[in-house]
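Beneath this line is the structure, given in structure tokens, with notes to follow.
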Amino acid sequence: MAIVTGANSGIGLYTATALAERGYQVVLAVRNVERGRIAMERIADAVPDAELQQVRLDLSSLRSIKECAAELLTSVPAWDVLVNDAAAKLVPERLLTEDGFEWNFGVNFLGHFALSGLLVPGASDQARIVNVTSLSARNAKIRFHDLRWDNGYRPGKAYAMSKYAQLIFSRELNRRCRDERDSAYPSSLRSIAAHPGRGLPPVGRRRRPSSRYTGPDSIVFAATDPGLIGGELIGPSDRNQLQGAPAAVRPPAIPDEGVTALRLWRIAAQLTRVPW
Ligand SMILES: NC(=O)c1ccc[n+]([C@@H]2O[C@H](COP(=O)([O-])OP(=O)(O)OC[C@H]3O[C@@H](n4cnc5c(N)ncnc54)[C@H](OP(=O)(O)O)[C@@H]3O)[C@@H](O)[C@H]2O)c1
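Here the sequence shown is numbered in this note's numbering, starting from 5 and rising by one per residue.
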């Protein structure tokens with residue numbers, strides 16, 4: 005059983021379809037049920053025997069995240085894959101979520117942090133969480149002094165910070181699951197980050213893509229490859245991580261990672277009131 009956030013479009017839809025092809029029952033966690041219904045039809049067209057359901061999830065609302073998790077924990081026996089894919093992208097003006105978080109940080113990072121924490125009790129004993137990040141995380145840092153971007157909001161930088169936070173979260177979660185002294189986190193759970201490089205091939209281009217792989221294959225690989233042990237960053241394997249076959253790639257430098265990750269985790273748990 006796989007749960008994919010943002011499964012109604014783009015990379016989320018590609019990933020949900022690929023998981024259905026591989027025989028997973030797929031739950032599309034989407035914020036608009038009509039778009040979810042259309043996506044389920046598209047997946048069913050491609051994979052006629054797909055087993056699909058959808059659940060409503062608005063990552064800009066802690067109330068919605070909690071309702072979604074409660075519904076999944078009762079309706080889904082045990083999940084094997086959670087793909088944290090949904091994202092707000094390039095929000096032109098600074099915007100706050102209903103809980104008062106800056107939109108990129110709130111939706112992309114805090115929302116998935118809370119959802120993952122709430123869903124962990126329903127994880128199977130071979131579960132993995134895939135956190136979709138971005139090459140833009142390379143140039144980001146966490147503005148601990150101003151997480152709400154009260155000053156100097158820049159759309160690209162706010163997006164990149166949220167994707168950097170997802171990467172740090174992904175690695176820290178995996179570290180906690182591997183720590184034998186820490187029984188709060190399931191030792192069988194693997195947490196894997198993935199980025200799509202260039203992303204989806206541009207629609208309508210006449211020229212054939214120079215690679216037979218598309219960016220979303222990295223996310224599918226992270227969700228399904230049995231050889232992954234957790235903690236990896238998966239991306240296209242060419243030198244610049246822009247295209248090529250998916251593989252474990254070098255993550256961006258994370259200065260003082262242990263301290264930064266602990267601080268980020270504590271703040272996320274406080275803000276979301278999901279202490280895990
Ligand atoms: N495409 C790229 O080139 C690229 C590059 C690097 C990283 N990425 C990452 O890959 C992932 C998917 O990107 P994409 O290009 O496929 O994006 P996309 O086509 O814009 O899809 C984004 C998805 O997120 C959903 N979403 C947005 N806000 C939400 C919210 N508040 N609550 C719940 N769902 C919400 C959208 O739902 P609606 O349809 O309802 O808006 C949509 O399903 C993202 O994490 C992105 O950061 C993409």
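Just so you know, even glycine gets a beta-carbon here, dropped at the ideal spot from N, CA and C.
Member of the options whose CA lies at the smallest distance from the CA of residue i
| i | options | result |
| --- | --- | --- |
| A144 | R202, P259 and L86 | P259 |
| T19 | A198, G248 and A272 | A198 |
| A54 | L122, R46 and C181 | R46 |
| F266 | K161, F173, A127 and L61 | Sequence check: residue 266 is Leu here, not Phe. Taking only the C-alpha atoms, the option nearest L266 is F173. |
| L246 | A227, D221, R270 and G234 | D221 |
| E97 | V124, S64, A48 and Y157 | Y157 |
| V8 | G160, A118, P240 and A227 | A227 |
| G115 | A91, A43 and L56 | A91 |
| N244 | W269, G201 and P230 | G201 |
| G234 | R179, S128 and A73 | R179 |
| V111 | M165, D49 and L139 | M165 |
| W107 | P159, A118, R60 and S128 | P159 |
| L139 | E261, L237, F225 and G262 | L237 |
| R60 | D49, A73, D242 and A48 | A73 |
| A169 | F117, A48, D242 and A43 | F117 |
Cα-Cα separation between residue i and residue j, rounded to whole angstroms
| i | j | result |
| --- | --- | --- |
| F113 | K167 | 7 Å |
| L94 | L232 | 31 Å |
| A141 | D154 | 21 Å |
| G126 | G10 | 20 Å |
| L151 | L17 | 30 Å |
| D183 | S191 | 8 Å |
| V85 | E71 | 19 Å |
| Q274 | R67 | 15 Å |
| L100 | S64 | 9 Å |
| L122 | P279 | 9 Å |
| V253 | I271 | 28 Å |
| P256 | G239 | 12 Å |
| L56 | N12 | 12 Å |
| E75 | P230 | 29 Å |
| R39 | S79 | 21 Å |
| Q58 | L77 | 14 Å |
| D103 | S215 | 42 Å |
| Y217 | P250 | 8 Å |
Local Cβ density within 10 Å of residue i, reported as buried at 16 or more and exposed below that
| i | result |
| --- | --- |
| I133 | buried |
| G27 | exposed |
| T21 | buried |
| S195 | buried |
| F148 | exposed |
| G208 | With a pLDDT of only 45 at G208, under 50, the local geometry of the prediction cannot be trusted, and no value is derived from it. |
| R185 | exposed |
| R210 | Here R210 scores only 49 on pLDDT, less than 50, and its place in the model should not be relied on; the value that follows carries that caveat. Answer is exposed; the Cβ neighbour count stays below 16. |
| T276 | buried |
| V263 | exposed |
| A188 | exposed |
CB of residue i within 9 Å of CB of residue j, strictly
| i | j | result |
| --- | --- | --- |
| G219 | I15 | yes |
| M5 | P52 | no |
| W83 | A24 | no |
| S120 | L32 | no |
| D62 | R35 | yes |
| I223 | V87 | yes |
Supposed close pair residue i, residue j - CB separation, criterion 8 Å
| i | j | result |
| --- | --- | --- |
| F109 | A162 | 7 Å |
| V351 | D89 | The shown model of the chain, from 5 to 280, leaves out residue 351, and the question about it has no answer. |
| L268 | I69 | About 18 Å separates the two Cβ atoms, so there is no contact after all. |
| C181 | L193 | 5 Å |
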